[in-house]
Structures are given as structure tokens and as C-alpha cells.
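Going letter by letter, the sequence shown gives residues 1 to 503 in UniProt numbering. Ideal Cβ positions, reconstructed from N, Cα and C, are used throughout, including at glycine. Quantities reported herein were computed from a predicted structural model and do not represent experimental measurements. Here's the structure we're looking at; comments come further down.
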Amino acid sequence: MKGFLLVIFFVASISLVISFTPHFSNNVVVVTNNKTEKYIIKEEEEETNISHILFGIGGYSKTWHNRSRYSDLWWRPNVTRGFVWLDEEPHESEPWPETFPPYRVSQDTSEFEYNCWFGNRSAVRIARIVKESFELGLTNVRWYVMGDDDTIFFTENLVTVLGKYDHNQMYYIGGNSESVEQNVVCSYNMAFGGGGIAISYPLAAELVKILDGCINRYHYLYGSDQKIGGCMAEIGVPLTHELGFHQMDITGSPRGILTAHPVAPLVSLHHLGKLRSLFPLTNRLDSVKKLIEAYEKDPSRTVQQTLCYDLNRNWSLSVSWGYSVQLYPWLMNARELGLPVQTFKTWIGSEEPFTFDTRPDYEDPCKRPIEFYLDQVVGLQNGETFTSYSTITGHDSSNQCENQKYKPALAIHMVNITAPILSPQVWRQAPRRQCCEVINAFGSELHMRIRSCNQWESVTAPFHDKYGDFAYSQRIFQPVMNRTRNFELIIERQKRKRKEEYF
């Protein structure tokens, strides 16, 4: 009998030991205060990359072959995923090149309501792109990103931005319009579609359930992005603003925005076919190609602004890496130096207001900087880049300042800059503009270096002057237009511009 009990005890002991042997699973059971809590430890996921993004581009069969020149600049066959969604099959006589994004024809939307008197009902079709993309059931999609056929995405920076967020949560990411009037008419609480809209998979799954009904409920709204924004309000997910999404609702030259870009990665540009060329004396398409040439060498640093002084000559310098350098032959405080020069007007052609501060674009040549534009960019073997920026012959050459203090600055024709390649990981830290310094000047060339700022370093001019040499009091503020009349102008010009855009 004792032997039998001994055997039973031995077997029970083995069973007890086995039951408490650790298993390498994702589930952990913890007992605290007589309560059992189960925690699920997720396996570490790979970083978000371009294969996790599905693009949905809104296009039109009749205009695609003209508009496709924009997607050619950023689309990479067999790398980027997605479709251009057309209103009808492309013409049989025009073959679909392999370099184009593959196309899909949108479903019929004629039964949906659309009652915006100054809009176009194609907004219904464009709004449903996210739904039709989701219903394709493609695997390994973390983000749905929508844009127009004239939107240019800087995909490496887009991956960097989206990689900051947990794609398992519901996120609605994008940016507003630059023009206050457009935000007033549309909404401050929505992502503008031309600049790009990013929707995480879980949010897309919720959105598609209500989207069709939502489109009918918001039948009176003008744009597809407005309708998406209305649906997001019903779901309860607010817009997460990212400063690198650019709707570019401006007219004139985008130079002022690109020379003073926010401290954020450049994600998108829109409406470039309606704006002046990015670079003087260069056509629109070639100027974008030139910017992309710099972007490919250092995506994270592209158009990042850096400020510094040459105290030997009392010069102020503003660098937009990969784009331009502005040299002011006087000392200007950082607050003023970091503002965009207003080289543009609002979308309807008014002088202001914008959703950011600006400073005047003076006509007096003695109040303007000497400008240098990207000439070449070279990747160095030590993990750095070398960029050179030159004055452009024939651009404002007949309108130079005769002031004596300008003469030494006018003698500079080339600015050379070395900079370490900026790691995308920097955008997961608290944002801070980098620093620069003037190394030396030889003849007609100025040599500079961009670097991380040292501890306690700041861009502070060695003088105390509330406004700098050219006081802000010189700015002539235009009176704000009568709001009622301004709203009427917005509607009238919006209707006219959108008809041109659609057709």
C-alpha cells in the first residue's frame, strides 16, 4: 500500500512540475491580490515600410496621360503599391505603360446624392476610393493613403511619418490648407485631399461600414475630402496634423514656403502645375525633378531650414537644404529670418490671411536677400553630402542694390555646403532645427557646414534690436476684406477654379 501511494505521489509531483514549466508563448498569466490578469505580449513587428502603404490616386481617364507626369516622379513599379482610380476605361489606342501605377475603374456612383451647386459630383467617386481599395482585400496593408493625380509624394518621408504611429490604432493623418479662406469654407478639422490623407487599417475598417451612407448624409458638401472628414467626425477620430503634408492652396511662387519649411519632413506637394516653377528659369516639371535629385540623396534633410550668421561680415544666412540659400547683408534676428517670405497670395488671389506667419516680399532690391539656388548635390563616402547653390544669371540681375554694404555680398556667386545625412530617427525625437556655420570665403565662393546644434547653442545675433535692421513697422498691412464679400468671392472663384481642375 505504501508503495502504491509513493507511486501516486511521484506521478502527481511530475504533473505539477510539468504544469509549471514555462512555455514561450505570447500569453502571460499574473496573479495579484487573488485576481488573475492576462496580458498579451505581441511579437515585435517589423518597422513600417513602403510595402505597408496602399495608395489610392484619384484620376480621370481623359486627363491622366497629361497628369501622369507627376506620378512618374515618385511612383516606383514593384515597390510602391496602389492604384490610380479612373472614371472610365482609358482609350484603347493609348497603351498603359508599366511605369504607371496600375489602374482601376471606379464603381458607378450615379445613385448617390450630390447637391453642392458649385461642385462636381466626381467628389462622390473620389471619396469612395478608400472603400474600394479596402474591399480589394490586399494583405499586409497598414495604411491607406489617398491623393490627387497631381500630388507628389516623398515616399521615404511618408514612411518616416507614418512609422511614428501605431498602425493598430485608429489614425486620420494629414494637413490643412495654407489659405484661411479654404479652411473656413471646408473645415479646419479635415485633411485636405490634394496634400494627402493617411488612414490606418483599423480606421479604414470602420470607415467603410458607414461611408456610403455618410456620402449621402453630406450630399451638400463640395469635396471628397470634406465628406471623408464628416465621416471621421461621426466615428469620433480627430485629425492628426502633420506639417509636411502640403495642399499648396496658394497662387504665385511657392518659393517662400520652401525656403522656410516647418521643422518636419517634407511629405507631399500639390498644385505644382498651377504655381510658378520652383526654380527660376526652369520649367515646372524639370524644377521638381531637380528638387527630387536632392531628396534622393538625403530625404530627411530636404528643404529643412537652417539659420546662421557670418559675424566677420555681419551677414545673415538662411539655408533650405537641397533648394536654396538666402544671404542678407545685415544681421536679422532669428524670429524674422525663419518666417516665409510672402511670394504668394491665397488660393482666391487675396493678399492674406494664411494659416502661418509671413514677412513681406519687398520690391526694393536693398531690402531683398541675394538668392542662390541648387546647382548640384553629391553624396560623399563619409556619410555626408556636398551641395552647391549658385546665383542664376538673368534672374533679377538688372535689379541689384547699389548700396555699398551689398557689394561684398554680390561678389559671392556660389555657396558650398557640407552636411551629414540626416537620420529618419531624428523625427522620432522632439523637433529642433539644426545649426550651421560659415567656414570661410574664397573669392566668389562661400563655404558652410550644417550640423547638430551644441548644448545651449542658439541662433542669436550679437545685438539687441527689437525688429532688426528693416523694422516690421515698414510692413503695410492690407485691411481685412468684408467677410461677407470675401465669402462670396471664395465661392465664385472656387467654382471657377474647380471646373478648370476637373476638366
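query	result
Span of the beta strand (DSSP E), counted from its first residue to its last, around E437	C435 to F442
Whether Y201 touches V141 by CB criterion (7 Å)	yes
Nearest residue (CA-CA) to W117, options I126, Y220, E336 and W321	Y220
Pairwise C-alpha distance: A205 and C231	13 Å
Spatial distance of G349 from E181 (CA atoms)	11 Å
Integer Cβ distance of N189 from P238, believed to fall under 8 Å	7 Å
Limits of the unbroken alpha helix (DSSP H) element including S200	Where S200 is concerned, there is no enclosing alpha helix (DSSP H), although the beta strand (DSSP E) it sits in stretches over I197 to S200.
Span separating the alpha-carbon of T306 from that of H65	38 Å
Contiguous beta strand (DSSP E) assignments of at least 3 residues, all confined to the stretch 128-203	143-148, 172-174 and 197-200
W75 vs P95 beta-carbon contact at 7 Å	no
Separation of M146 from D225, as counted between CA atoms	10 Å
Residue burial classification, F356 (beta-carbon count within 10 angstroms, cutoff 16)	exposed
I41 to V105 span [Cα, whole Å]	In this prediction, I41 has a pLDDT of 39, which is less than 50 and means its spatial position is unreliable; what the coordinates show is noted afterwards. Spanning the two alpha carbons is a distance of roughly 42 Å.
Element boundaries [beta strand (DSSP E), containing G82]	R81 to L86
Test item: CB-CB of G58 and L86 under 7 Å	no
Cβ-Cβ distance between L54 and S133 below 7 Å	yes
Bridge partners - residue 530, DSSP secondary structure assignment	Because the chain is modelled from 1 through 503, residue 530 falls outside the range shown and cannot be assessed.
Local Cβ density within 10 Å of A430, reported as buried at 16 or more and exposed below that	exposed
Span separating the alpha-carbon of S423 from that of N216	45 Å
Terminal residues of the beta strand (DSSP E) in which P408 lies	Here P408 belongs to no beta strand (DSSP E); instead the alpha helix (DSSP H) covers K407 to L410.
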